[in-house]
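Novice: One structure follows; several queries about it will come next.
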């Protein structure tokens, strides 16, 4: 447990504020919700520094004043930002900027797993009190797991990662894990089962739930992509385009923009969020298009395996914080945003188009964003002379430096049927 004598958390450069009731309180490195009883609401970080004050670091730590800072973890990870001379002219956009959160050193992008999940992994781990001896538990569809496995391996931080077996096979197979990392894969399951099982484990005192989108560390880390973009552009963009599952990245961009507006030097208008999902599973898009205050009930008789159809499997989040205070619906309303649903054929064509015009391969989720951008421009939803920021959330993996493979399988594979019986005991046994 965290030592009562630890002073690290008392020295933090921020406090937490509840978007539901406005309560402010000190962060202990693990808080995921307001201590007051009220409807769901996300927490946000309120930093002592109110202006964007970059450091000299050549990484995401350039924005350390707006990142949690409980432990001195270092990283070389950063998002590369550049003005498009390929895709932009092709779409008829005069001012398209690309935030590339992947591996493309020639463009300044040095995320070691090729995904923007490196940004959140670094920030979440930096947030945890060094005196907290509990094992971090997180759920993932694949990309987040890979990023946390790397950061926790390099810094010898105990972590237990719960992932669908498909996610492991698609993203993590062949990765290198250190002895502090345990990966539990659930066969014949989706991301939702991984989330539920992680929460069940964290009812035990020896575990600390990472919390996904509810963790301010995740959102603040991913928010550095917007900060890097605004530094490069010199102003807040008119539009921000990204594919979403939980929408943590889009909320991160929105929250970073709110901080930049308080700064006052980069504009006074929030970027309009253009958020896209992979059909046929698009809960955020469906609810927004229906003007619903909550996520819609899934159609009667819908197969529980519908997410298996997704080309961008990592976007298959069944419970994004849509209706919560500080959540997706609120951000779409505040920014005047729009949503799209993109099929597998469209995302595949968009991936090919991006590779042809920009010269680098991108991940399926990023293909969803490119396809939605093309549709928004063609439909007149984005003006041709607008400043547009397209966030490519994964790419360049084929060029990643080759690594020696020491582990090519999960630590433990659970059958879906075990989740209601022996899964907890078998998983706890991994930690001795």
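In this note's numbering, the protein residues as written are 99 to 530.
Heads up, the beta-carbon is just placed ideally off N, CA and C, and yes, glycines get one too.
Here the structure is a predicted model, which is why all the values come from computation and not from measurement.
1) How about the region 435-452 and the region 371-379: do they share at least three Cβ pairs that are nearer than 8 Å?
2) Only counting the same chain, and skipping five residues up and downstream in sequence, which positions put a Cβ closer than 7 Å to that of residue 151?
3) Given a threshold of 16 other Cβ atoms within 10 Å of its Cβ, counted over all protein chains shown, does residue 263 qualify as buried or as exposed?
4) What are the residues that DSSP puts in a beta bridge with residue 436?
5) Report back the beta-carbon spacing between residue 336 and residue 124 to the nearest angstrom; my notes put them in contact at under 8 Å.
6) Starting from residue 381, trace the alpha helix (DSSP H) both ways and give me its first and last residue.
7) What is the residue span of the beta strand (DSSP E) that residue 305 lies within?
8) From 383, 440, 302, 258, pick the residue whose C-alpha is nearest to that of residue 235; which is it?
9) For residue 358, collect the residues of the same chain with a Cβ closer than 8 Å to its Cβ; drop the 5 residues on either side in sequence, then sort them by chain order.
10) Quick check: what's the CA-CA separation for residue 503 versus residue 441?
11) If you reduce the DSSP assignment to three classes, tell me which class residue 504 lands in.
12) Given residue 121, which residues of its chain have a CB within under 8 Å of its CB, disregarding the five upstream and five downstream residues?
13) As a quick exercise: from 508, 348, 165, 201, pick the residue whose alpha carbon is nearest that of residue 492.
14) With a Cβ-Cβ cutoff of 9 Å, do residue 166 and residue 129 count as a contact?
15) What's the gap between the Cα of residue 229 and the Cα of residue 306?
16) List the whole-angstrom C-beta distance separating residue 456 from residue 182, where the pair is believed to meet the contact cut-off of C-beta under 8 Å.
17) Tell me whether residue 360 is buried or exposed, calling it buried when 16 or more other Cβ atoms sit within 10 Å of its Cβ.
18) Does the separation of the CB atoms of residue 278 and residue 260 fall below 9 Å?
19) Can you check which of these residues, 430, 393, 407, is closest to residue 417 by C-alpha distance?
20) For the structure I just gave you, are there three or more beta carbon pairs, one from the region 309-323 and one from the region 219-229, closer than 8 Å?
21) Give the secondary structure of residue 340 by DSSP, where H, G and I count as helix, E and B as strand, and everything else as coil.
22) Under the DSSP definition of a beta bridge, which residues are partnered with residue 196?
23) Enumerate in chain order the residues of its own chain whose CB-to-CB distance from residue 300 is below 8 Å, with the five nearest sequence positions on each side excluded.
24) In chain order, what residues of the same chain lie with their CB nearer than 7 Å to the CB of residue 383, ignoring the 5 residues before and after it?
Specialist: Let me spell this out:
1) As far as the Cβ criterion goes, the region 435-452 touches the region 371-379, which means the pair count is three or higher.
2) Residue mapping note: residue 151 aligns to position 53 of the chain shown, counting from 1. Excluding residues within five positions, the ones whose Cβ falls inside 7 Å are 163.
3) In the chain shown, counting from the first residue as 1, residue 263 sits at position 165. By the Cβ neighbour-count rule, residue 263 is buried, with 16 or more other Cβ atoms within 10 Å of its own.
4) Along the chain shown, one-based indexing puts residue 436 at 338. BP columns for residue 436 point to 372.
5) As a working note, residue 336 is residue 238 in the chain shown. As a working note, residue 124 is residue 26 in the chain shown. With a Cβ gap of about 37 Å, residue 336 and residue 124 do not count as contacting.
6) Counting from one through the chain shown, the residue named residue 381 turns up at place 283. If you look at residue 381, you'll find it in the alpha helix (DSSP H) that goes 381-387.
7) Along the chain shown, read from residue 1 onward, the residue named residue 305 stands at position 207. 305-307 is the extent of the beta strand (DSSP E) around residue 305.
8) Taking the first residue of the chain shown as 1, we reach residue 235 at position 137. Comparing Cα-Cα distances from residue 235 to each of 383, 440, 302, 258, the minimum goes to 258.
9) Position 260 of the chain shown holds residue 358. Closer than 8 Å at the Cβ level, and outside the excluded window around residue 358, lie 150, 324, 325, 328, 334, 364, 365.
10) As a first step, residue 503 is located in the chain shown; it is residue number 405 there, counting from the start. As a first step, residue 441 is located in the chain shown; it is residue number 343 there, counting from the start. At residue 503 the pLDDT is 44, less than 50, meaning the model places this residue with poor confidence and gives no usable figure here.
11) As a first step, residue 504 is located in the chain shown; it is residue number 406 there, counting from the start. Model confidence at residue 504 stands at a pLDDT of 49, short of 50, so the residue's coordinates are unreliable; what they give is reported in the following sentence. Coil at residue 504, not helix or strand.
12) On the chain shown, residue 121 is found 23 positions in, with the first residue counted as 1. Taking C-beta separations shorter than 8 Å and ignoring five residues to either side along the sequence, the partners of residue 121 in its chain run 115, 132, 133, 134, following chain order.
13) The residue given as residue 492 occupies position 394 in the chain shown. Looking from the CA of residue 492, the closest CA among 508, 348, 165, 201 belongs to 201.
14) Taking the first residue of the chain shown as position 1, residue 166 is located at position 68. Taking the first residue of the chain shown as position 1, residue 129 is located at position 31. No, they are not a contact pair.
15) As a first step, residue 229 must be located in the chain shown, where it is residue number 131. As a first step, residue 306 must be located in the chain shown, where it is residue number 208. Going by the C-alpha atoms only, they are around 13 Å apart.
16) On the chain shown, position 358 is the one that residue 456 refers to. On the chain shown, position 84 is the one that residue 182 refers to. So it is a contact: roughly 7 Å between Cβ atoms.
17) What you label residue 360 is simply residue 262 of the chain shown in a count that begins at 1. So residue 360 counts as exposed.
18) In the chain shown, residue 278 corresponds to position 180, counting from 1. In the chain shown, residue 260 corresponds to position 162, counting from 1. Remark: C-beta atoms of residue 278 and residue 260 do not approach each other more closely than 9 Å.
19) Numbered from 1 along the chain shown, position 319 holds the residue referred to as residue 417. When each option's Cα is compared against that of residue 417, the closest is 393.
20) They touch, by the three-pair rule.
21) Position 242 of the chain shown, counting from 1, holds the residue named residue 340. DSSP, reduced to helix, strand and coil, places residue 340 within a strand of the structure shown.
22) Taking the first residue of the chain shown as position 1, residue 196 is located at position 98. Note: residue 196 sits in a beta bridge opposite 180, 488.
23) Here residue 300 corresponds to residue number 202 of the chain shown, with the count starting at 1. Excluding positions up to five away in sequence, the list reads 235, 306, 307.
24) Looking up residue 383 in the chain shown gives position 285. The beta carbon of residue 383 sits closer than 7 Å to the beta carbons of 375, 437, 438, 439 from its chain, once the five residues preceding and following it are set aside; these are given in chain order.
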